[in-house]
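Taking it in order: structure first as structure tokens, then the write-up.
Number of protein chains: 2
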Amino acid sequence: MGDMTAHGPKLTQRGQATRERIVTAAARLMYERGVAGTSTPDVRTAAGVSSSQIYHYFADKSALTMAVIEQQTEMILRRQNTLLDKLDSFEGLWAWRDCIVDLVRELGCAGGCPLGSLTTELADHDPRAREALAAGFSRWGTAIRDGLRTMIDLGRLSPDADPDHLSLAMLAALQGGLLLAQAQHTTAALEAGLDAMIERIACHAVPT
Amino acid sequence: MGDMTAHGPKLTQRGQATRERIVTAAARLMYERGVAGTSTPDVRTAAGVSSSQIYHYFADKSALTMAVIEQQTEMILRRQNTLLDKLDSFEGLWAWRDCIVDLVRELGCAGGCPLGSLTTELADHDPRAREALAAGFSRWGTAIRDGLRTMIDLGRLSPDADPDHLSLAMLAALQGGLLLAQAQHTTAALEAGLDAMIERIACHAVPT
DNA sequence: ACTGGATTTGACTATCCAGTCCACTCGCGG
DNA sequence: CCGCGAGTGGACTGGATAGTCAAATCCAGT
Numbered sequence: 025m026g027d028m029t030a031h032g033p034k035l036t037q038r039g040q041a042t043r044e045r046i047v048t049a050a051a052r053l054m055y056e057r058g059v060a061g062t063s064t065p066d067v068r069t070a071a072g073v074s075s076s077q078i079y080h081y082f083a084d085k086s087a088l089t090m091a092v093i094e095q096q097t098e099m100i101l102r103r104q105n106t107l108l109d110k111l112d113s114f115e116g117l118w119a120w121r122d123c124i125v126d127l128v129r130e131l132g133c134a135g136g137c138p139l140g141s142l143t144t145e146l147a148d149h150d151p152r153a154r155e156a157l158a159a160g161f162s163r164w165g166t167a168i169r170d171g172l173r174t175m176i177d178l179g180r181l182s183p184d185a186d187p188d189h190l191s192l193a194m195l196a197a198l199q200g201g202l203l204l205a206q207a208q209h210t211t212a213a214l215e216a217g218l219d220a221m222i223e224r225i226a227c228h229a230v231p232t
Numbered sequence: 025m026g027d028m029t030a031h032g033p034k035l036t037q038r039g040q041a042t043r044e045r046i047v048t049a050a051a052r053l054m055y056e057r058g059v060a061g062t063s064t065p066d067v068r069t070a071a072g073v074s075s076s077q078i079y080h081y082f083a084d085k086s087a088l089t090m091a092v093i094e095q096q097t098e099m100i101l102r103r104q105n106t107l108l109d110k111l112d113s114f115e116g117l118w119a120w121r122d123c124i125v126d127l128v129r130e131l132g133c134a135g136g137c138p139l140g141s142l143t144t145e146l147a148d149h150d151p152r153a154r155e156a157l158a159a160g161f162s163r164w165g166t167a168i169r170d171g172l173r174t175m176i177d178l179g180r181l182s183p184d185a186d187p188d189h190l191s192l193a194m195l196a197a198l199q200g201g202l203l204l205a206q207a208q209h210t211t212a213a214l215e216a217g218l219d220a221m222i223e224r225i226a227c228h229a230v231p232t
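The following block contains the structure:
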């Protein structure tokens, strides 16, 4: 389900490339300035296409925004793929934590989570966008949950631990930490949140 | 420090009232539609004032936004004042948790945190707004931290517990939980995040 | 009552934006 | 090599937006 864009006419290779250039440019701008702060002329210039191109590939700005949501979701999951796969041990959890903290620090604590920004701006008045964002978070949470489940299967974590509950909590700490990093220009809250959550999981650890 | 608005000329009682009406209307609209999504005509209509009134009390939209940030910070801390004061026991922590979850549920999981929304929209490109938001979060975190400190003083919590660390973590879980509630239309993540964090604190509990 | 500053009004400008339209070019299938 | 649909360029529209201005009105202190 949810293949892309429901674009009636065929797309040639060149068309596909242009479409992607538009989405990528829009994603960057919307991430930096927000959706409302990104005008179609801005996107036009950044993508190096002319005005009507955008409306040739997307019904309206809302459709473009949906494409941006999908692209950002894929980007996040692809970027974290390596680490997310290794979330089946405490070393893996800590490595994941360190990687996120380092990344945020490198970016000067700015930007926050692409999905998070889009959520605050769109969730309340664009139901379709909200669903897409929820789906994105759901996939993210599932990746974490699967790691925890594996830890239980491998006997590293007590069966008392609830992977669904804990993965949601972890995602919450991560999102909140990113938000606070943006406001306070420190990774302190992000680190505290992730640390506390991993330590909480460690409460269920099976001593080796 | 940071008294308000640096408004040169004197404000009569009537002027003060009008100014407040503008800020309140702007705060509601910016909460519902975002800052960029709120136009001055919108504010004008909602506050029942004429166009130039806004610019009589505020230098520009950015100054109005700053006033909104301050008002929202006060509002949050005032609204949670009762509960925040009782954060010095586990009963208090759980009551606070339940109250937040109930509130979010009543609001249909919409809206998120007023400070959180403003943060994602403003933090990266408006340094003064970012500082004001950071100060707001700081006051909020301090309230939580003081509760935890009291718990240590009262011997309910082990001195090993780090109130600074834990209060930041709690704030992160709260903010992230609110964000995820907005996206997923469930309080599941909010509950999971707060629960996990309180349970994490409970690890340091001193048995009675 | 009167005066001066605070307050209010509504029209006005210059800019910008989402979305449309039409003429033009490109390149693939036949 | 030709026709046709996909792709592209750029001008254009109708509406909205931030911010200004000069004139009218209110009200507190005298």
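Going down the list, the protein sequences come from chains D and F.
Counting from 1, position 13 in the first sequence corresponds to residue 37 in my numbering; the numbering is continuous, with no gaps.
Counting from 1, position 103 in the second sequence corresponds to residue 127 in my numbering; the numbering is continuous, with no gaps.
Even for Gly, the Cβ is constructed at its ideal location relative to N, Cα and C.
Cutoff 8 Å: residue i Cβ touching any chain F Cβ
i, result
"D/Gly58", "yes"
"D/Ala87", "no"
"D/Asp66", "no"
"D/Arg129", "no"
"D/His228", "no"
"D/Asp150", "no"
"D/Phe114", "no"
"D/Arg169", "no"
"D/Leu117", "no"
"D/Ala207", "yes"
"D/Arg121", "no"
"D/Gly135", "yes"
Contacting residues, own chain, Cβ-Cβ under 6 Å from residue i (five flanking each side not counted)
i, result
"D/Thr64", "Ile78"
"D/Thr97", "Gly160"
"D/Met54", "Thr62 and Val92"
"F/Ala30", "Its pLDDT being 48, under 50, F/Ala30 is placed unreliably in this model, and the value from its coordinates should be taken loosely. Taken in chain order, the list of residues that qualify is empty."
Three-state secondary structure assigned by DSSP to residue i
i, result
"F/Leu178", "coil"
"D/Ala212", "helix"
"D/Ala50", "helix"
"F/Ala229", "strand"
"F/Pro138", "helix"
"F/Thr29", "Summary for F/Thr29: the model assigns pLDDT 44, below 50, so the residue's position carries little reliability; its value from the coordinates is reported in the next sentence. Coil at F/Thr29, not helix or strand."
"F/Asp126", "helix"
"D/His189", "helix"
"D/Met61", "This sequence places Gly at residue 61 of chain D; Met is not what is there. Coil."
"F/Gln104", "coil"
"D/Asp112", "coil"
"F/His80", "helix"
"F/Gly200", "helix"
"D/Val67", "helix"
Closer than 8 Å to chain D by CB, residue i
i, result
"F/His80", "no"
"F/Arg173", "no"
"F/Thr237", "What is shown of chain F runs 25 to 232, which leaves residue 237 of chain F out entirely."
"F/Glu94", "no"
"F/Glu98", "no"
"F/Ala91", "no"
"F/Gly223", "According to the sequence provided, residue 223 of chain F is Glu. The question's Gly does not apply to it. So yes, F/Glu223 belongs to the interface."
"F/Gly26", "No answer about F/Gly26 holds up, because its pLDDT of 36 lies below 50 and its placement is not dependable."
"F/Ala147", "yes"
"F/Leu178", "no"
Which listed residue (the options) has its alpha carbon closest to that of residue i
i, options, result
"F/Thr144", "F/Gly58, F/Leu53 and F/Ala119", "F/Gly58"
"D/Gln95", "D/Arg43, D/Pro187 and D/Ala193", "D/Arg43"
"F/Ile46", "F/Thr174, F/Lys85, F/Lys34 and F/Ala213", "F/Lys85"
"F/Ala71", "F/Ile100, F/Arg52 and F/Ala87", "F/Arg52"
"D/Ala91", "D/Trp120, D/Ala50 and D/Ala220", "D/Ala50"
"F/Leu35", "F/Gly61, F/Phe82 and F/Thr69", "F/Phe82"
"D/Ala147", "F/Thr210, F/Ile222 and F/Met221", "F/Thr210"
"D/Gln206", "D/Val128, D/Ile168, D/Ala216 and D/Trp118", "D/Val128"
"F/Ser113", "F/Ser74, F/Ile168 and F/Ala87", "F/Ile168"
"D/Leu202", "D/Trp118, D/Ser141 and D/Ala153", "D/Ser141"
"F/Ser162", "D/Glu223, D/Ala41, D/Leu204 and D/Leu101", "D/Leu204"
"F/Ala197", "D/Asp186, D/Thr69, D/Arg102 and D/Leu214", "D/Leu214"
"F/Ala41", "F/Glu56, F/Ala60, F/Thr69 and F/Val73", "F/Val73"
"F/Ala185", "D/Ala216, D/Gln208, D/Leu131 and D/Asp188", "D/Ala216"
"F/Asp219", "F/Met175, F/Asp122 and F/Ile176", "F/Asp122"
Neighbourhood of residue i by C-beta distance below 7 Å, restricted to the same chain and skipping five residues each side
i, result
"F/Leu190", "Leu172 and Ile225"
"D/Gln37", "none"
"F/Ser182", "His228 and Val230"
"F/Gly165", "Ser191, Leu192 and Leu195"
"D/Asp66", "Leu53"
"D/Ala156", "Met90, Ile93 and Glu94"
"D/Glu56", "none"
Same chain only: Cβ atoms within 8 Å of residue i, ignoring 5 sequence neighbours per side
i, result
"D/Trp120", "Gln104, Leu107, Leu108, Lys110 and Leu111"
"F/Gly6", "With chain F covering only 25 through 232, there is no way to say anything about residue 6 of chain F."
"D/Trp118", "Ile222"
"D/Ala153", "Ser86, Thr89, Met90, Ile93, Leu142, Leu146 and Ala147"
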